[in-house]
Amino acid sequence: MSSGCSIKSGHTYWRHDLIIINNKKDVLIMAKYKSYSPEFKEFVVKQIELDGHKIVDVSQNLDIPYDTLQKWLKKYRDQKKAEEKNAQNQLLTATEYREMFEAERKSKLELEEELTILKKAMHIFTQEKK
1 MSSGCSIKSG
11 HTYWRHDLII
21 INNKKDVLIM
31 AKYKSYSPEF
41 KEFVVKQIEL
51 DGHKIVDVSQ
61 NLDIPYDTLQ
71 KWLKKYRDQK
81 KAEEKNAQNQ
91 LLTATEYREM
101 FEAERKSKLE
111 LEEELTILKK
121 AMHIFTQEKK
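Here the sequence shown is numbered in UniProt numbering, starting from 1 and rising by one per residue.
In structure tokens:
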């Protein structure tokens with residue numbers, strides 16, 4: 001046992017993640033599974049992926065099994081790859097880009113024309129009051 005304590009017959013030992021019951025002949029080890037919120041998983045994975053922390057260090061600091069962190073990290077990376085692939089599928093063709101550019105250009109010209117008219121109107125109304 002990694003905690004360094006000896007197991008005496010008829011005793012129950014508690015560790016943060018295991019319950020060990022020793023009844024003379026049989027040793028029963030039951031794992032207590034922890035559940036983590038998706039937000040916490042994302043926070044931990046970003047510490048590894050974006051902040052550059054080592055999986056071993058995060059595992060020890062947060063008392064989360066190394067294998068669990070590897071699974072979370074793999075899932076996160078797979079999701080990011082899927083998002084990138086989806087974004088690439090949504091890229092515009094040259095024709096679509098040109099049409100979008102022309103529509104924005106036309107909208108900008110209309111706004112500039114409206115602004116010019118408003119400036120002239122403001123100038124006219126401010127001169128009449130004097």
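Glycine included, C-beta positions come from ideal geometry on N, C-alpha and C.
Around the C-beta of residue i, are 16 or more other C-beta atoms found within 10 angstroms, so that it is buried, or is it exposed?
i	result
Ser69	Per the sequence shown, residue 69 should be read as Leu rather than Ser. With 16 or more Cβ atoms within 10 Å of its Cβ, Leu69 is classed as buried.
Ile64	buried
Ile117	exposed
Ile48	buried
Just how far apart, CA to CA, sit residue i and residue j?
i	j	result
Ile55	Glu99	48 Å
Gln88	Leu50	22 Å
Trp14	Lys80	Note that Trp14 scores a pLDDT of 43, beneath 50, so its modelled location is shaky and nothing firm can be said.
Leu73	Gln90	26 Å
Grouping DSSP H, G and I as helix and E and B as strand, with all else coil, what is residue i?
i	result
Gln127	helix
Lys85	helix
Ser59	helix
In its own chain, which residues sit with a C-beta less than 6 Å from the C-beta of residue i, not counting the 5 before and 5 after it?
i	result
Ser59	Tyr66, Leu69
Mind reading off the beta-carbon distance from residue i to residue j? Whole number of angstroms is fine, and I expect it under 8 Å.
i	j	result
residue 137	Leu62	The structure shown has nothing for residue 137, since the chain only spans 1 to 130.
For residue i, I'd like the list of residues in its chain whose CB is within less than 7 Å of its CB, leaving aside the five on either flank, ordered along the chain.
i	result
Lys85	none
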